[in-house]
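If you're matching positions, the sequence shown starts at 1 in the UniProt record's numbering and goes up one per residue. Take a look at the structure set out below.
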Amino acid sequence: MAELNSVVKLFEEKELIKVCAPMVRYSKLQFRSLVRHYNCDLCFTPMIMADSFVKSEKARDNDFTTNEGDKPLIVQFAANNVEDFVSAAEIVSPYCDGVDLNCGCPQRWAMKEGYGSALLQKPELIRDLVLQLRNQIPKPFSVSVKIRLLNELRKTVELCRAVEACGATFVTVHGRTPLQRTEPVNIAAFKEIRDSVSLPLIANGDVKTLQDAERLQRVTGYNGVMSARGILQNPALFAGHNKTPVSCVEKWLDLSLTSGLNFVCFHHHLVFMVEKIMNKANRRVFNNLNST
């Protein structure tokens with residue numbers, strides 16, 4: 001079993017916890033292995049549908065892979081009922097350090113089915129999901145929630161207080177509402193939440209460089225900072241690189257070849273990585289490649 005206290009140790013020992021976000025199709029094992037080489041402290045899996053994961057062995061094989069070096073690791077699930085969430089968590093608990101409930105995905109399909117940001121309108125359900133999982137899998141196993149801001153800050157604060165009371169280990173806060181995309185993150189909201197709860201918090205949004213991460217932590221007082229698109233474009237950002245170094249691209253090639261990663265995923269990641277280090281003409285040619 002994984003060292004179940006490793007997430008708790010991070011919060012106790014690290015002044016700034018640097019986190020790779022859950023990204024559908026992208027934050028899989030090979031990419032997690034890559035960012036761990038560049039000072040990433042904590043990684044999330046992509047969002048996994050809890051109901052399919054519980055029912056289908058094929059889904060489990062496709063959606064979740066790990067290895068001994070892949071730690072600390074948080075597995076994130078999308079769930080809209082207690083049974084699926086708890087069952088999925090029990091399956092992965094021997095192989096990870098914690099489970100996270102996605103309450104932030106703003107995509108229409110997810111919200112239509114009652115997943116992701118749709119849960120923000122059902123705080124009692126979120127509370128029940130966290131409480132029942134915590135009752136089933138005790139501490140120090142990490143149980144966390146990733147949220148976006150509600151339109152009323154008061155309700156966001158109340159939600160964070162509720163999950164803290166239910167035994168959550170930490171909460172990740174994306175500093176935008178579900179309808180916001182490119183607007184600046186809401187620093188005032190970050191601060192209000194920090195002043196209202198005692199549990200560890202991770203700030204998410206607009207982290208493109210290590211300097212961004214340090215600045216966001218400094219102004220919010222949060223325990224950690226999470227990057228999504230920024231780390232996708234530059235997996236070495238937490239090591240202080242402002243653009244993807246050639247050594248990082250070489251490491252990605254090696255990890256992909258030795259693991260047998262499919263070409264589409266391999267190529268998609270490379271497209272993101274070279275975006276800032278290739279000129280437009282070369283990127284156009286590179287983006288159209290369809291085989292090795």
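Ideal Cβ positions, reconstructed from N, Cα and C, are used throughout, including at glycine. Keep in mind it's a predicted model, so treat the numbers as computed, not measured.
Own chain residues within Cβ distance below 6 Å of residue i, not counting five before or after
i	result
Pro-245	Ala-236
Gly-167	Arg-134
Ala-50	Phe-77, Ala-79, Asp-84, Phe-85 and Ala-88
Glu-3	For Glu-3, the predicted structure reports a pLDDT of 48, less than 50, and the residue's modelled location is therefore unreliable. A value from the coordinates is still provided. Nothing listed; no residue qualifies.
Ala-213	Val-207 and Val-225
Beta carbon of residue i nearer than 7 Å to that of residue j
i	j	result
Val-19	Ile-147	no
Ser-144	Thr-169	yes
Gly-175	Leu-210	no
Leu-16	Gln-217	yes
Leu-232	Leu-34	no
Leu-150	Leu-101	no
Leu-159	Pro-123	yes
Val-82	Gln-136	no
Distance between beta carbons of residue j and residue i, contact taken as under 8 Å
i	j	result
Arg-208	Gly-230	Per the sequence shown, residue 208 should be read as Lys rather than Arg. Indeed, because the Cβ distance is near 4 Å, the residues count as touching under 8 Å.
Ile-91	Phe-44	Not really, about 17 Å apart at Cβ, beyond 8 Å.
Ser-259	Gln-30	5 Å
Asp-206	Val-185	5 Å
Val-264	Ser-142	32 Å between Cβ atoms; not a contact.
Ile-47	Ala-228	Note that residue 47 is Met in the sequence shown here, rather than Ile. Not a contact, Cβ separation roughly 12 Å.
Ala-21	Asn-204	6 Å
Three-way DSSP call (helix, strand, coil) for residue i in this model
i	result
Leu-4	Since pLDDT at Leu-4 reaches only 45, below the 50 mark, its modelled position is unreliable, and no value is offered.
Leu-62	Going by the sequence as given, residue 62 is Asn instead of Leu. DSSP places Asn-62 in helix when its eight states are reduced to three.
Asn-223	coil
Asn-204	strand
Phe-141	coil
Ala-110	helix
Cys-20	strand
Met-47	coil
Lys-251	helix
Cβ-based neighbour list, residue i, same chain, cut-off 8 Å, excluding 5 preceding and 5 following
i	result
Val-249	Leu-270, Met-273 and Val-274
Val-157	Glu-192, Ile-193, Ser-196 and Val-197
Gly-69	Ser-33 and Arg-36
Cys-103	Gly-116, Ser-117, Leu-119, Leu-120, Ile-126, Val-145, Lys-146, Ile-147 and Arg-148
Distance cut-off 6 Å: residue i Cβ against heavy atoms of the ligand COA
i	result
Glu-214	Looking for the ligand COA in the displayed structure turns up nothing, as the structure carries no ligands at all.
Same chain, Cβ closer than 7 Å to residue i, neighbours up to 5 away in sequence not counted
i	result
Glu-183	Arg-176
Leu-153	Ala-189 and Glu-192
Leu-10	Ile-17, Asp-41, Leu-42 and Pro-72
Val-163	Ile-126, Arg-127, Val-130, Val-145 and Val-171
Leu-261	Gln-30
Do the region 60–67 and the region 112–123 make contact, defined as three or more Cβ pairs closer than 8 Å? no
I'd like to know if the region 24–38 and the region 54–62 are in contact, where contact means that at least 3 CB-CB pairs between them fall below 8 Å. no
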